[in-house]
Every structure is written in structure tokens, then in C-alpha cells.
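Asks: Just passing along the structure, written as C-alpha cells.
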Amino acid sequence: MRSGPRRHANRPNSTTRPTLVVIGINGQFPGPTLNITTNWNVVVNVKNNLDEPLLLTWNGIQHRKNSWQDGVSGTNCPIPAGWNWTYEFQVKDQIGSFFYFPSLNFQKAAGGYGGVIINNRPVIPVPFGWPDGDITLFLSDWYTKSHKDLRKDVENGVDLGVPDGVLINGLGPYRYDDNLVQNGISYQIINVEPGKTYRLRVHNVGISTSLNFRIQNHNLLLVETEGSYTVQQNYTNMDIHVGQSYSFLVTMDQNASTDYYIVASPRFVNSSWARATGVAILHYSNSLGPASGPLPSLLGEDDPSFSINQARSIRWNVSAGAARPNPQGSFKYGDITVTDVYVILNRPPELINGKWRTTLNGISYLPPSTPLKLAQQFKILGVYKIDFPNRLMNRPPKVDTSLINGTYRGFMEIIFQNNDTAVQSYHLDGYAFFVVGMDFGVWTENSRSTYNKWDGVARSTTQVFPGAWTAILVSLDNAGIWNLRAENLNSWYLGQEVYVHVVNPEKDTDESNLPDNAIFCGLLSSLQSMDFGVWTENSRSTYNKWDGVARSTTQVFPGAWTAILVSLDNAGIWNLRAENLNSWYLGQEVYVHVVNPEKDTDESNLPDNAIFCGLLSSLQR
């Protein structure tokens, strides 16, 4: 996968920038979808063509025992501009609909996202009829400012305000209203056949806006969310909050007198947001004309009560098998004793030490120059503290690198209390958690009596309404250091994140080893045995002389060098070559002649079946 800037000739709904600069993947926006199957090993090579460091994270992928591949600042050094880096992970015991996106420097505001589909193994049936087609839709609020300008605004306390548009699959709105939408804007068309049923995988990959998704005159049969099969219920619309993913079955059961609107509109906003509505077209193959008239209405557009009741209605399908043949409900989460409780209160941006920051329990996370995972691996003291408070402390807010101490194989209860004026959504890497309760007001111990302890849906991202709380339960069975973050990008960027430290004190093998291709930075940058520029004798001072990885193939970045050391203890004539086939084919190879002058027996004899050629062709029998 190559990530880099791409000019995208589309205007969400503005004349200020007729051509948008987006982050594309392999020349695409949105990027390509990874279509894989449960338990597959996935290898993704990322070439960073941006002018700043990059990491890709995999929203909802659990990376069992392998937080090294999580692609966030606490687990990985950034991939420098111009570098390649390869992610290698297994999608162990997972199915469902997910996505990837860039996790650093507000880059998600410029795109860089794409889908991940994990199919069931053939031996495990899906709990619904096989659909006639599979369609992925990415919904996103969009600002015509660059991601660099947006992050400066956020740093300076400037509210993001009304987005310039809402994109559906990277495209602007169909011209449903001549007063609201300009002529000439490219829009998404979904082509379908009458009578067929399609699976629609819908992701909110935006940065701060909750969106309501609906298709004119069509029901949405919810079947899956973020890797869990759900109780199958029909909805006329669905609120999809930032970072959330849903799968619907949609049957093309309407007459084809016209095309139909596909709508993604902001929730809990006023009329000034009317221009920020995403509209695509559902086109039957026998359609008689274009869509026209008003968009399908949405009752209670500014009423969170409707939305919270809808969220409560989404339940786990306890009788369906998912990645394994046993039913999802065989895990009786409601019977497990809770070992750790965290009540996490957010706050809107505030000045801390003269800078705008956001906090969780009064702490604004400060990413260290050395990733937490590397600091743990190399036992570097002082990089982080495992002292995140389980409730808001009576003290001034501060900036710190404080981690949650998770008990390995414990069962953690987390209550998110939203003290902000906007819907927030929170995501936990490495796990699926059970959403067991949400309500308006302040959570108390008595709120537990309202918990759903039977079929609360297991997912990785949940919403928290303003002035409300959401409770989750999570089984800490995945060793590692895992990111818990606000999915609203402005909140995350200003410090609303923390890492959950989950370590088996008795068994190191519960985690994967340091990857061979690990990038080193911060306090460990001296271990990086490669650099940009021209190698000199002084470059040896940067060599890793302790635990550089032993391997047979290494990369050399453009305008850079890589140094290797090799013990010549294997007599013979050995090929040293470029692995890039075009370079090798055109002559980039040499042989290393290694002979023991004192002892011929250091090499094997000529094989009996040797093939002779060239000057020795006459010896060929």
C-alpha cells in the first residue's frame, strides 16, 4: 500500500477549493478494501509518500497478543517520510466489518482510510441468507481546509465548526436541492438489480460528526456491527457515530419509477448544517428516472432520546456462531466477577499550561518520544507511569503519560461520563467490549441495576451522549498495551486517550516478540541500523551492537544507507543480489568468494547430478 497526497477533483459543497488534496492509498480515495478470512495471516507493506511521518491503525482488529502491529503512537515508532514498513498480523477468531486509517498528526481529516472485511470460514455459516452483493460505504464529514490547517486550529482552540460537506465514498452530494448543492459535483451511484438483497457495510470514518444513515423507501436489516452478529431488526434509519461500523441487509423491493436517495446527515444540529448532508443515489437497473423531491425525513433530528433508545435496541445474537462454531452467547459475560472499575469523565478543551488540551479523569495524555511498547520491551524507566486514576481526582488537570493498570485475565468495568456538549465516541484497541448500559444523567452505583447482562452487543466503539454515561464490560484476555481513545479526532488529538497495560506477570510468551523490522525512535533511536544520507566512518557510532536482528534480506531506503555485519563461516561462493527483480535482472548482483585455503573438506563435493554448461558443456552426459 502506498500512501500519499492525491488531488481529488470533487467539491463537497464549496467553491473555495475546487480541487481537494486528500491522502490516497494506492492512488485511491477511499483506499482499497482488504478482503480476508478468519485466522488468515495478513501482510501489508506501507510506503509513506507523505511529507510527514505516518502510522496506519486497524479499527476493530484485535491483534491477539500482538500490539506491536496496532499502528498507534504508544506501540509503534512512526514510519518516516519516504520509508517502507510492513505490518504482519493474524485476524485471529474475528469476522465482520472494520476499517483502517492514519492515526497521527490529524491525517485522518485528509482521508487515508479504507475497509477491512473478514469473512467467515467456510465451515461456519453466516446467520442469514447469502446476499447477492457486498457493498462498502464510507461516510465522512469533510472540511476544505488541509489537515495541517485543521490541526493548527484545534491547537489554537478554534472550534471545527460546520463541515463543508459530508462525503459518501469520497464523493460529494447529489444535487437534490438547487439552492443547497452546486451543479457539477461528483456523487456516488450504487447500481443494484431489482429483487436482489445486498449487504451494505457502512462506516463513519469522519472526524467529529455523528451521522444518520438512511435509504429512501428501503428498510435496513441490521445483521452485524464491528465483528458481532446482532439480533436481526429492521430500521428505517441508523445513527452511526464517529468510528462505528454496521452491516445491513437491504432488499431491492421497491418499484423502479425513479432512483432513490442514500442519505448521511449530521445529528443533533441546527438548520445551519443543512448544507452538510451527504447524498448518494441507489439506482435500479430498470429505473425509469432520476431521484427527485425532498430527502427522506428524520424525526427528532435534534433529539438524543430517540438515538439512545435506538442504541439500546441493538443486541447481540446469542444463538449465532461467528468466528467459532459455538454460539456467541456461550460466553456468559453477565456472570463474571468484575475485578477493576474505572469511571472516566471527559471534559471539553481547556487551557493547561497555556495550551488547549482535553482530558480524561483530569489527565491529558502526552505521547512520549519512545513508544510505550518499546519502553516496556527494553525496560526503560521514566517513560510512563501506571497510575491512571479510576475516578476524577480533586486536583487541577495536568498533562502526563499515565497508563491504566489492567489485570491480566481480569474483567474490567468502564463507565464513560460525557461532560461535553457533543456526542463523543470511544474506542478500545485489542478487544471487543460489551455495551451493557447507557442513560442520561450521572452514573451511580445504582445504575448497575439497569445493565443488560445477557445480550449487550460486543463491539469496539461506543457512543456517549452529552450529559450522559455509557457502561462497558471487557475481558482482559489479550496481553499487550492497548489504546483507549476518543474517536472524535479533535478530542483525541488534544489528549483524550490513555493506554491499558495488560501483562501476564508469569508468562512472557503470552505476547509476540519484537518484530524483526521494528523501527526505533526516541531514547532507542541509536538502535536503528539505517539512516538517510551518505554513510561515513562516523556512521558506525549509530550501529546497534547488541541485538540487531539476524536475517537474510534487508531494505535500503532511497537516499539512505543500511549497514550489516556478517560472519563468513560458511565456505563457498555465495550470491549477493538486489531482490527487486528488475534491478537484479539488469546486473545488480555480485558473488562473495569464501574459501578455507587450508582445508578442502570445508565444502561439500560436486553433486552426482550436477548440470554442466558453458565451457564445460562437453562433460554433460
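Residues 918 to 1538 in our numbering are what the sequence shown lists, from first letter to last.
Yeah, the Cβ is synthetic: ideal placement off N, Cα and C, and Gly gets one too.
Return helix, strand or coil for residue 1223, following the three-state DSSP convention.
Replies: What you label residue 1223 is simply residue 306 of the sequence shown in a count that begins at 1. Correct three-state label for residue 1223: helix.
Asks: Apart from the five residues on each side of it in sequence, which residues of its chain come closer than 7 Å, Cβ to Cβ, to residue 1481?
Replies: Residue numbering aside, residue 1481 sits at position 564 when the sequence shown is read from its first letter. Closer than 7 Å at Cβ, skipping near neighbours: 1471.
Asks: Considering just the uninterrupted stretch of the alpha helix (DSSP H) at residue 1406, what are its terminal residues?
Replies: In the sequence shown, the residue the question calls residue 1406 occupies position 489. It spans 1406-1410 - the alpha helix (DSSP H) in which residue 1406 sits, taken as one unbroken run.
Asks: Helix, strand or coil, according to DSSP, for residue 1302 in the structure here?
Replies: Residue 1302 sits at position 385 when you count from the first residue of the sequence shown. Residue 1302: strand per DSSP, three-state reduction.
Asks: Given a threshold of 16 other Cβ atoms within 10 Å of its Cβ, counted over all protein chains shown, does residue 1122 qualify as buried or as exposed?
Replies: Translated into positions along the sequence shown, residue 1122 becomes position 205. Under this definition residue 1122 is a buried residue.
Asks: Hey, residue 1411 and residue 1266 are a contact pair by Cβ (cut 8 Å); roughly how many whole angstroms apart?
Replies: Here residue 1411 refers to the residue found at position 494 when the sequence shown is read from its first residue. Here residue 1266 refers to the residue found at position 349 when the sequence shown is read from its first residue. So it is a contact: roughly 6 Å between Cβ atoms.
Asks: Measure the CB-CB distance between residue 1142 and residue 1402 and report whether it falls below 8 Å.
Replies: On the sequence shown, residue 1142 is found 225 positions in, with the first residue counted as 1. On the sequence shown, residue 1402 is found 485 positions in, with the first residue counted as 1. Not in contact: residue 1142 and residue 1402 (Cβ atoms no closer than 8 Å).
Asks: Heavy atom of the ligand SAH less than 7 Å from the Cβ of residue 1069, yes or no?
Replies: The ligand SAH is not among the ligands present in this structure, which contains no ligands whatsoever.
Asks: When you compare only the Cα positions, how much space is there between residue 1007 and residue 954?
Replies: Stepping through the sequence shown from its first residue, residue 1007 is reached at position 90. Stepping through the sequence shown from its first residue, residue 954 is reached at position 37. Distance between the alpha carbons of residue 1007 and residue 954: 10 Å.
Asks: Can you give the beta carbon distance from residue 984 to residue 1347, rounded, assuming they're within the 8 Å contact cut?
Replies: Numbered from its first residue, the sequence shown carries residue 984 at position 67. Numbered from its first residue, the sequence shown carries residue 1347 at position 430. 6 Å between Cβ atoms; contact.
Asks: Whole angstroms are fine: how far does the CA of residue 939 sit from the CA of residue 924?
Replies: For the purposes of this step, residue 924 is taken as residue 7 along the sequence shown, with counting starting at 1. For the purposes of this step, residue 939 is taken as residue 22 along the sequence shown, with counting starting at 1. Reliability fails at residue 924, whose pLDDT of 49 lies under 50, so the model's placement of it is uncertain and the value that follows must be treated cautiously. In a straight line, the C-alpha of residue 924 is about 6 Å away from that of residue 939.
Asks: Identify whether residue 1385 lies in helix, strand or coil by the three-state DSSP scheme.
Replies: By 1-based counting over the sequence shown, the position of residue 1385 is 468. In the structure shown, residue 1385 sits in a strand (DSSP, three-state: E or B).
Asks: Ordered along the chain, which non-local residues of its own chain (more than five positions away) have a Cβ less than 8 Å from that of residue 1422?
Replies: Taking the sequence shown and counting its residues from 1, the one referred to as residue 1422 is at position 505. Taken in chain order, the residues that qualify are 1325.
Asks: Given this structure, state the Cα-to-Cα distance separating residue 947 from residue 1369, to the nearest angstrom.
Replies: Within the sequence shown, residue 947 is the residue found at index 30, counting from 1. Within the sequence shown, residue 1369 is the residue found at index 452, counting from 1. Approximately 37 Å, taken between the alpha carbons.
Asks: Straight-line CA distance for residue 943 to residue 986?
Replies: Counting from one through the sequence shown, the residue named residue 943 turns up at place 26. Counting from one through the sequence shown, the residue named residue 986 turns up at place 69. The alpha-carbon atoms of residue 943 and residue 986 are separated by roughly 21 Å.
Asks: Taking 6 Å as the limit between beta carbons, can you name the residues of its chain near residue 1131, skipping five residues before and five after?
Replies: For the purposes of this step, residue 1131 is taken as the residue at position 214 of the sequence shown. Excluding residues within five positions, the ones whose Cβ falls inside 6 Å are 1154, 1180 and 1213.
Asks: Among 1444, 980, 1418 and 1498, which has the Cα closest to the Cα of residue 1009?
Replies: Walking along the sequence shown from the start, residue 1009 turns up at place 92. Taking only the C-alpha atoms, the option nearest residue 1009 is 980.
Asks: Taking Cβ to Cβ, would you say residue 1013 is nearer than 8 Å to residue 965?
Replies: Mapped onto the sequence shown, residue 1013 falls at position 96. Mapped onto the sequence shown, residue 965 falls at position 48. Not a contact, by the Cβ cut-off of 8 Å.
Asks: Give the straight-line distance between the Cα atoms of residue 1224 and residue 1231, rounded to the nearest whole angstrom.
Replies: Counted from its first residue, the sequence shown places residue 1224 at position 307. Counted from its first residue, the sequence shown places residue 1231 at position 314. Distance between the alpha carbons of residue 1224 and residue 1231 is about 11 Å.
Asks: Looking at the structure shown, is residue 1399 part of a helix, part of a strand, or coil, going by DSSP?
Replies: Locating residue 1399 in the sequence shown gives position 482, counting from the first residue. It is a strand residue.
Asks: Could you tell me which whole beta strand (DSSP E) segments of length 3 or greater appear in the segment 951-997?
Replies: DSSP runs (the beta strand (DSSP E)) wholly in the segment 951-997: 951-954, 958-965 and 973-976.
Asks: First and last residue of the beta strand (DSSP E) that includes residue 1182?
Replies: Stepping through the sequence shown from its first residue, residue 1182 is reached at position 265. Segment 1177-1183, the beta strand (DSSP E) holding residue 1182.
Asks: Name the DSSP beta bridge partners of residue 1338, please?
Replies: Position 421 of the sequence shown, counting from 1, holds the residue named residue 1338. Paired residues: none, contrary to the question.
Asks: Tell me the DSSP secondary structure of residue 1454 in three-state form.
Replies: The residue labelled residue 1454 in the question sits at position 537 within the sequence shown. The answer is helix: DSSP assigns residue 1454 an H, G or I state.
Asks: Cα separation between residue 1573 and residue 1068?
Replies: For the chain, the structure presents residues 918 to 1538; residue 1573 sits outside this window and is missing.
Asks: Identify the continuous alpha helix (DSSP H) that holds residue 1071 and give its terminal residues.
Replies: Stepping through the sequence shown from its first residue, residue 1071 is reached at position 154. Run containing residue 1071: 1064-1072, per the alpha helix (DSSP H) assignment.
Asks: Residues in its own chain within less than 8 Å of residue 1286 by CB, not counting five upstream and five downstream?
Replies: In the sequence shown, counting from the first residue as 1, residue 1286 sits at position 369. The answer, listed in chain order, is 1438, 1439 and 1440.
Asks: Looking at residue 1407 and residue 1127, is the spacing between their C-beta atoms short of 8 Å?
Replies: To locate residue 1127, count along the sequence shown from 1; it is residue 210. To locate residue 1407, count along the sequence shown from 1; it is residue 490. Not a contact, by the Cβ cut-off of 8 Å.
Asks: Please report the residue range of the beta strand (DSSP E) in which residue 1491 lies.
Replies: Within the sequence shown, the letter at position 574 stands for residue 1491. Run containing residue 1491: 1489-1494, per the beta strand (DSSP E) assignment.
Asks: Of the choices 1316, 1310 and 1399, whose alpha-carbon is the least far from that of residue 1268?
Replies: If you number the sequence shown from 1, residue 1268 lands on position 351. Considering only alpha carbons, the answer is 1316.
Asks: Starting from the N-terminal side, write out each stretch of the beta strand (DSSP E) that is 3 residues or longer and does not extend beyond the segment 1115-1160.
Replies: Listed in chain order, the complete beta strand (DSSP E) runs (minimum 3 residues) inside the segment 1115-1160 are 1128-1132, 1137-1142, 1145-1152 and 1155-1157.
Asks: Looking at residue 1309: is its Cβ nearer than 8 Å to the Cβ of residue 1415?
Replies: The sequence position of residue 1309 within the sequence shown is 392, counting from 1. The sequence position of residue 1415 within the sequence shown is 498, counting from 1. Contact: no.
Asks: Check the C-beta distance from residue 1333 over to residue 1387 and give it rounded, since I have them as a contact under 8 Å.
Replies: As a working note, residue 1333 is residue 416 in the sequence shown. As a working note, residue 1387 is residue 470 in the sequence shown. Rounded, the Cβ-Cβ distance is 5 Å, consistent with contact.
Asks: Since residue 900 and residue 1053 are thought to touch, with beta carbons under 8 Å apart, how far apart are those beta carbons, to the nearest angstrom?
Replies: Any property of residue 900 remains undetermined from this structure, which presents the chain solely from 918 to 1538.
Asks: So which of 995, 1171 and 1111 has the shortest CA-CA distance to residue 1133?
Replies: By one-based count along the sequence shown, residue 1133 stands at place 216. Out of 995, 1171 and 1111, 1171 has the C-alpha closest to the C-alpha of residue 1133.
Asks: Rounded to whole angstroms, how far is the Cβ of residue 1234 from the Cβ of residue 1245, which I believe are closer than 8 Å?
Replies: For this step, residue 1234 is matched to residue 317 along the sequence shown. For this step, residue 1245 is matched to residue 328 along the sequence shown. Residue 1234 to residue 1245, Cβ: 6 Å. Contact.
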